[in-house]
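As structure tokens, the structure follows; a few thoughts come after it.
Protein chains: 2
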Amino acid sequence: MSVVEPSAEALTGADALVRTLADCGVTHCFANPGTSEMHLVQALDREPRVRSVLCLFEGVATGAADGFARITGVPAMTLLHLGPGYGNGLANIHNARRAHAPMINVVGDHAMEHRKLDAPLSSDIESIVQANSSWIGVAETPADAGALAAAAFGAAHGPPGSPVTLILPADTAWLSGGQPAPAPQLPQPARVDDAAVAAAAAAVRAAGKPVVLVGGPALWQPAGLAAMARLKAAGVRVMIDTFPARQARGAGRFAPDRMQYFAEGAMADLDGTDLMLLAGTTTPCAFFAYPGKPSVLVPDGCTVHPLSARHEDTVDGLARLADALGAPANVPPAAARVVPDRPQGPLTPATCAQSLARHMPDDAIISDDAVTAGLPHYLATLAAAPHDWLFLTGGAIGQGLPLAVGTACAAPHRKTIALTGDGAGMYTVQALWTMAREKLPVVTVVFANRSYRILNIEMARTGAGNPGPAARAMLSLDGPALDWVKLAEGHGVAAVRAETAEAFDEALARAIAMNEPVVIEAVL
Amino acid sequence: MSVVEPSAEALTGADALVRTLADCGVTHCFANPGTSEMHLVQALDREPRVRSVLCLFEGVATGAADGFARITGVPAMTLLHLGPGYGNGLANIHNARRAHAPMINVVGDHAMEHRKLDAPLSSDIESIVQANSSWIGVAETPADAGALAAAAFGAAHGPPGSPVTLILPADTAWLSGGQPAPAPQLPQPARVDDAAVAAAAAAVRAAGKPVVLVGGPALWQPAGLAAMARLKAAGVRVMIDTFPARQARGAGRFAPDRMQYFAEGAMADLDGTDLMLLAGTTTPCAFFAYPGKPSVLVPDGCTVHPLSARHEDTVDGLARLADALGAPANVPPAAARVVPDRPQGPLTPATCAQSLARHMPDDAIISDDAVTAGLPHYLATLAAAPHDWLFLTGGAIGQGLPLAVGTACAAPHRKTIALTGDGAGMYTVQALWTMAREKLPVVTVVFANRSYRILNIEMARTGAGNPGPAARAMLSLDGPALDWVKLAEGHGVAAVRAETAEAFDEALARAIAMNEPVVIEAVL
Chain A
3 MSVVEPSAEA LTGADALVRT LADCGVTHCF ANPGTSEMHL VQALDREPRV RSVLCLFEGV
63 ATGAADGFAR ITGVPAMTLL HLGPGYGNGL ANIHNARRAH APMINVVGDH AMEHRKLDAP
123 LSSDIESIVQ ANSSWIGVAE TPADAGALAA AAFGAAHGPP GSPVTLILPA DTAWLSGGQP
183 APAPQLPQPA RVDDAAVAAA AAAVRAAGKP VVLVGGPALW QPAGLAAMAR LKAAGVRVMI
243 DTFPARQARG AGRFAPDRMQ YFAEGAMADL DGTDLMLLAG TTTPCAFFAY PGKPSVLVPD
303 GCTVHPLSAR HEDTVDGLAR LADALGAPAN VPPAAARVVP DRPQGPLTPA TCAQSLARHM
363 PDDAIISDDA VTAGLPHYLA TLAAAPHDWL FLTGGAIGQG LPLAVGTACA APHRKTIALT
423 GDGAGMYTVQ ALWTMAREKL PVVTVVFANR SYRILNIEMA RTGAGNPGPA ARAMLSLDGP
483 ALDWVKLAEG HGVAAVRAET AEAFDEALAR AIAMNEPVVI EAVL
Chain B
3 MSVVEPSAEA LTGADALVRT LADCGVTHCF ANPGTSEMHL VQALDREPRV RSVLCLFEGV
63 ATGAADGFAR ITGVPAMTLL HLGPGYGNGL ANIHNARRAH APMINVVGDH AMEHRKLDAP
123 LSSDIESIVQ ANSSWIGVAE TPADAGALAA AAFGAAHGPP GSPVTLILPA DTAWLSGGQP
183 APAPQLPQPA RVDDAAVAAA AAAVRAAGKP VVLVGGPALW QPAGLAAMAR LKAAGVRVMI
243 DTFPARQARG AGRFAPDRMQ YFAEGAMADL DGTDLMLLAG TTTPCAFFAY PGKPSVLVPD
303 GCTVHPLSAR HEDTVDGLAR LADALGAPAN VPPAAARVVP DRPQGPLTPA TCAQSLARHM
363 PDDAIISDDA VTAGLPHYLA TLAAAPHDWL FLTGGAIGQG LPLAVGTACA APHRKTIALT
423 GDGAGMYTVQ ALWTMAREKL PVVTVVFANR SYRILNIEMA RTGAGNPGPA ARAMLSLDGP
483 ALDWVKLAEG HGVAAVRAET AEAFDEALAR AIAMNEPVVI EAVL
């Protein structure tokens, strides 16, 4: 008796694509499919290793894939409907590119012959995706689909990771002849040259006030935190990028300094620095340019010296630099956990932050898209329970709720807490529905200041003068105020409004204890 | 005593851009600005001829600009924040491109020197916008800004109209030296060649079963409708594109046939046709390709013959063709208004459509993004009060509510009624807030069938087989059901749920009579 294996010919191109990605280790597909993706939907149905998560807007799908990758290191796939579907997901793909997060965007297209006819949904998908794809593949035959899926997985991995785009014409998806391809060999980050380590050590020894600016996995891998702590003990100031993908922090963990957001603050903070080592990152620059303010955040007379590039093994490079500098092998752990008192009185970002520091459980994941309200929370949680902080990497607000969908899928036993501004939250508010459908116990805090508060600050900083009534209206979210309790309930998520510090503190404690998604509207 | 005019040097690049567009006749800016657009916001504040309308998501801004242009023929400007902001608006720009609607997308970018630094929000904006821009300009100096604004206005006008992109680096916006430019001369549509008219007439005379397929302004300009009616009287079947930008229709107006959506239906409908004239449009093709189904919607043996291209004066060309065919000069008006009875019983798309036909006031504007629920409404309103019907031109759902924002701004004394599927409505649900803020008395009907109903149909048509549980979940919006009453109220819009035909009929009549936005959730 023999077992008959299904022949390769029985597989469609869509089957080959999905099976290959599953073989590579892809476990999640964040999807907003259309007609041209129906065979991919069917292929996903036949592949139990991949969980399909429906999103009602593509920006939710791409942000979720980013969040998933930041926690697991493994790319998720997305399912997007031609050029406009990709466009809807573009902003969070941009953020993922800046996070160096691997992501495989599978974009359905018209059938090959149909592409020539300029049907209503046709557009030049390759040009639209180019800016945010380190790799683009078009599967022109079903036999291509598996090999391209494997190549897409490899390209997304990097290092560093990045979003890639795999375009699947509908007939390539539906025709048989799909051939799954083996998972590619994934390269490890390149070893930092001995010479680079020696040169960096010599530069540090010669410097009066050296700083090392660190980006990438060193910020969340324990060995990276340990190496940074040793460098600090050896007299090197350790700083991290303003908006890295992820930082492991909290009680007992090494606490580097963070490059400041505002250029003038950053430059004052760096005053006197005469050496800046770059480890897994690039020369810091201001987020925006302003009239008469610096753009490159390096003081006059400071030498910028590369230690390692993003594709290199910065964690190891930092450890060897610490060795070369004779740093102590072990550094006592950082500050122990501090539990602040229960806040009282009016609700402010500071009192909210106090509550967060009190109630955040061990191993929480914070998805921070809170804009002006974010920094107080970041500062207040320095000695809170150990956690991962995920930053808005690319400046495209509307990242926070989608990212939380992805982190909650990636780490179901860790509590995800999304912090969002009311302005930022509205870009991708549809994420709430996916939290409800997938029963993701995310706690979402919406800081309802009813304005684009950051723009009120930036308006002054850009020298644009005092806003008149029309300009003020462009920066305000009042008239009418959004009702986040109704918005959340409309999406199927329980919600509560808090208007005092005491009420917020109680609401947050309760929400964290619940095993379902909750929204807290913090009226500031 | 002399009056001192402000010197040109006192104007910033942003001022010159805005003043030039105002001089051209631009009256509306649909905006979602960020830091790099602060000087544009200030310039708008100083220009009382341009009304700034804040949108909480860029897809609302671009869809609103499309709707505005479809009604007025004049482009609105949008204000978008770098590449991700444009990306968020891309889907509705795609729809506008397919509608041949003029639109000026003003995209802020980093200051020229800052563009080199690869700051977090940097991306290759020009590559992102290319697929949906017939013209791209980058203002490299403040002195460029006015001339480029005038050029953008001219390019958007066409004919045919189209979206264009004007990229304004922040320093170009803030530096002085702006010089407003005069409004460009706008070309009229080119006259259709006499030879083309004569050849088309000869082809019709030689044909057994001729049809003319018409697109563009002939569908809403009275002279176009009159010419089409004359052609029909002369024995030519008159059809229109499946998804044109706009159609003027209703009681007393000529009612052309409409190319069917499903390829098999369209081909059956065209059976025996031996001549297809193209007037202001291109060869019809199916919306999607399907295994074993035709993509080009032209029967075997049918000759396709161009009468006029999109940039030509099709209205005049059709009238001259009617002359050449000896068509009667005047055709009696089409069917008189029919007011259906009040519907009763369970709520269905058919009973909703009956209510719409009963209550729609004269000159209503219908923004149709209702997908499967749309066709019954279109059919039922053939003899309703005269109105304009706006179609989903590019297949990117999420057009309906934003378009309604734009039409309500364009025509404050006409009633805009937006018909949307629950799936479609969720892509750009933030449009409701702008309706509330601007007090736009739009009636929004959400057809809540709690599924991507069209995809259930398409799944079968693409031969992808019966969906399994994971696939079914991808097509369903249930679990949890969206609560559109809460969603609307959360955005500041009054709302009501209707679950019977009688309740819907009453709710629709009331909503139309109100002078504020209303959402009706029609539970199907």
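Listed in order, the protein sequences are those of chains A and B. Everything in the first sequence is counted per our numbering, starting at 3 for the first residue and increasing by one. Everything in the second sequence is counted per our numbering, starting at 3 for the first residue and increasing by one. Ideal Cβ positions, reconstructed from N, Cα and C, are used throughout, including at glycine.
**Report entry** Candidates B/Ala500, B/Met437 and B/Ala497, of which the one nearest A/Pro482 by Cα
**Finding:** Checked all of B/Ala500, B/Met437 and B/Ala497; the closest Cα to A/Pro482 is B/Met437.
Report task. Anything in chain A within Cβ reach of B/Pro35, meaning under 9 Å, just list it in chain order. Result -> Taking the beta carbon of B/Pro35 as reference, the chain A residues within 9 Å of it are Tyr454, Leu457, Met476 and Leu477, listed in sequence order.
Query raised in the report: In chain B, what lies closer than 7 Å to A/Ser136 by C-beta?
Result: Here the premise fails: no neighbours, minimum Cβ distance about 13 Å.
Query raised in the report: Any idea if B/Val131 is buried or exposed, counting beta-carbon neighbours within 10 angstroms, 16 or more meaning buried?
Result: The residue in question, B/Val131, is buried, as its Cβ has 16 or more Cβ neighbours within 10 Å.
Report task. Have a look at A/Leu84 and B/Arg248 and give me their C-alpha separation to the nearest angstrom. Result -> Spanning the two alpha carbons is a distance of roughly 24 Å.
Query raised in the report: Along chain B, in chain order, which residues have C-beta atoms closer than 8 Å to that of A/His527?
Result: Any question about residue 527 of chain A goes unanswered here, given that chain A covers just 3 to 526.
Report task. Use the C-beta contact count for B/Pro165: other C-beta atoms within 10 angstroms, 16 or more gives buried, fewer gives exposed. Result -> By the neighbour-count definition (other C-beta atoms within 10 Å, threshold 16), B/Pro165 is a buried residue.
Query raised in the report: Per DSSP, A/Trp391 forms a beta bridge with which residues?
Result: DSSP output for A/Trp391 lists A/Gln249 and A/Ile368 as bridge partner(s).
**Report entry** A/Arg360 versus A/His415: straight-line alpha-carbon distance, rounded
**Finding:** Those two C-alpha atoms are separated by around 20 Å.
Requested in this report: Take B/Ala10 and list the residues in its own chain whose beta-carbon comes closer than 6 Å to its own, dropping the five residues that flank it on each side.
Outcome: Because the pLDDT of B/Ala10 is 49, which lies under 50, any placement of that residue in the model is unreliable, and the number read from its coordinates should be weighed accordingly. Contacts found: Gln181.
Query raised in the report: Listed from N- to C-terminal order along the chain, which residues in the stretch 375-397 of chain A have their beta-carbon within a distance smaller than 7 Å of any beta-carbon of chain B?
Result: Listed by position, the residues of the stretch 375-397 of chain A near chain B (Cβ gap below 7 Å) are Thr395, Gly396 and Gly397.
Requested in this report: Select from the stretch 116-143 of chain A all residues with a C-beta closer than 8 Å to any C-beta belonging to chain B, and list them in chain order.
Outcome: Look at the stretch 116-143 of chain A: the residues with a C-beta under 8 Å from a C-beta of chain B are His116, Leu119, Asp120, Ala121, Pro122, Leu123, Ser125, Asp126, Ile127, Ser129, Ile130, Gln132, Ala133 and Asn134.
Query raised in the report: Of the residues A/Asn94, A/Gly75, A/Val495 and A/Glu501, which one's Cα is nearest the Cα of A/Gln346?
Result: Distance from the Cα of A/Gln346 is smallest, within the candidate group A/Asn94, A/Gly75, A/Val495 and A/Glu501, for A/Glu501.
**Report entry** Pairwise C-alpha distance: A/Pro161 and A/Pro184
**Finding:** A straight line joining the alpha-carbon of A/Pro184 with that of A/Pro161 spans about 20 Å.
Query raised in the report: According to the neighbour-count rule (16 or more other Cβ atoms, all chains shown, within 10 Å of its Cβ), is B/Ala473 buried or exposed?
Result: So B/Ala473 ends up on the buried side.
**Report entry** Run of the alpha helix (DSSP H) containing B/Leu463, from where it starts to where it stops
**Finding:** Reading off the sequence, residue 463 of chain B comes out as Arg, not Leu. Where B/Arg463 is concerned, the enclosing alpha helix (DSSP H) stretches over Arg455 to Arg463.
Requested in this report: Could you give the DSSP three-state label for A/Phe449: helix, strand or coil?
Outcome: It is a strand residue.
Query raised in the report: Out of curiosity, what's the CA-to-CA distance linking B/Glu2 and B/Thr37?
Result: Residue 2 of chain B is absent from the structure shown; chain B starts at 3 and stops at 526.
Query - Three CB pairs or more closer than 8 Å across the stretch 190-204 of chain B and the stretch 302-322 of chain B - result: Cβ pair count under 8 Å is three or more, so yes.
**Report entry** Outcome for A/Asn90 when other beta-carbon atoms lying within 10 angstroms are tallied against a minimum of 16
**Finding:** Buried, because 16 or more other Cβ atoms sit within 10 Å of the Cβ of A/Asn90.
Query raised in the report: Any idea what DSSP makes of B/Val20, helix, strand or coil?
Result: DSSP, reduced to helix, strand and coil, places B/Val20 within a helical segment of the structure shown.
Query raised in the report: If you drop the 5 nearest sequence neighbours on each side, which residues of the same chain put their C-beta closer than 8 Å to that of A/Ala200?
Result: The answer, listed in chain order, is Ala326.
**Report entry** Which of helix, strand or coil DSSP assigns to B/Ile106
**Finding:** Judged by DSSP in its simplified three-state form, B/Ile106 adopts strand.
Report task. Compare the C-alpha of A/Ala93 against each of B/Pro308, B/His493, B/Thr22 and B/Glu60 and name the closest. Result -> Proximity to A/Ala93 across B/Pro308, B/His493, B/Thr22 and B/Glu60 peaks at B/Glu60, based on C-alpha coordinates.
Query - At least three beta-carbon pairs within less than 8 Å, the stretch 411-426 of chain B to the stretch 236-254 of chain B - result: Segments in contact, no.
Query raised in the report: Does DSSP put A/Met261 in a helix, a strand or coil?
Result: Collapsing the DSSP output to three states places A/Met261 in coil.
Requested in this report: With 9 Å as the threshold, decide whether the Cβ of B/Asn517 is near any Cβ in chain A.
Outcome: Using a Cβ-Cβ cut-off of 9 Å, B/Asn517 does not count as an interface residue toward chain A, since no Cβ of chain A sits closer than that to its own.
Query - Inter-residue spacing [alpha-carbon to alpha-carbon] between A/Met278 and A/Val238 - result: A straight-line Cα-Cα distance of about 10 Å links A/Met278 and A/Val238.
Requested in this report: Quick one: residues in its chain with C-beta nearer than 6 Å to the C-beta of A/Arg499, no 5 flanking neighbours on either side, listed in chain order?
Outcome: Exclusion of the five residues before and after A/Arg499 leaves Val487 and Glu523 as the residues of its chain whose Cβ lies within less than 6 Å of its Cβ.
Query raised in the report: Near A/Ala410, what residues of its chain come up, given a Cβ to Cβ distance below 6 Å and the 5 sequence neighbours on each side ignored?
Result: For A/Ala410, where only same-chain residues beyond five positions count, the Cβ hits under 6 Å are Thr418, Leu442 and Val444.
Requested in this report: Please report the residue range of the alpha helix (DSSP H) in which A/Gly139 lies.
Outcome: No alpha helix (DSSP H) holds A/Gly139; the beta strand (DSSP E) holding it covers Ile138 to Val140.
Query raised in the report: Do the stretch 267-274 of chain A and the stretch 290-308 of chain A make contact, defined as three or more Cβ pairs closer than 8 Å?
Result: Yes, the stretch 267-274 of chain A is in contact with the stretch 290-308 of chain A.
Query raised in the report: If we ignore side chains and look at the alpha-carbon of each, how far apart do B/Ala71 and B/Leu377 end up?
Result: Using only the alpha carbons, I get a separation of about 24 Å.
Report task. Could you have a look at B/Cys31 and say whether DSSP puts it in helix, strand or coil? Result -> Note: B/Cys31 maps to strand in three-state DSSP.
Query - Sequence-distant residues of the same chain with beta carbon closer than 7 Å to B/Ala157, five excluded per side - result: Annotation for B/Ala157: Ser136, Trp137 and Val166 place their beta carbon closer than 7 Å to its own, counting only its chain and skipping 5 residues before and after.
Requested in this report: Run down chain A in chain order and give the residues with a C-beta less than 8 Å from the C-beta of B/His41.
Outcome: Residues of chain A passing the Cβ test: Thr464 and Ala466.
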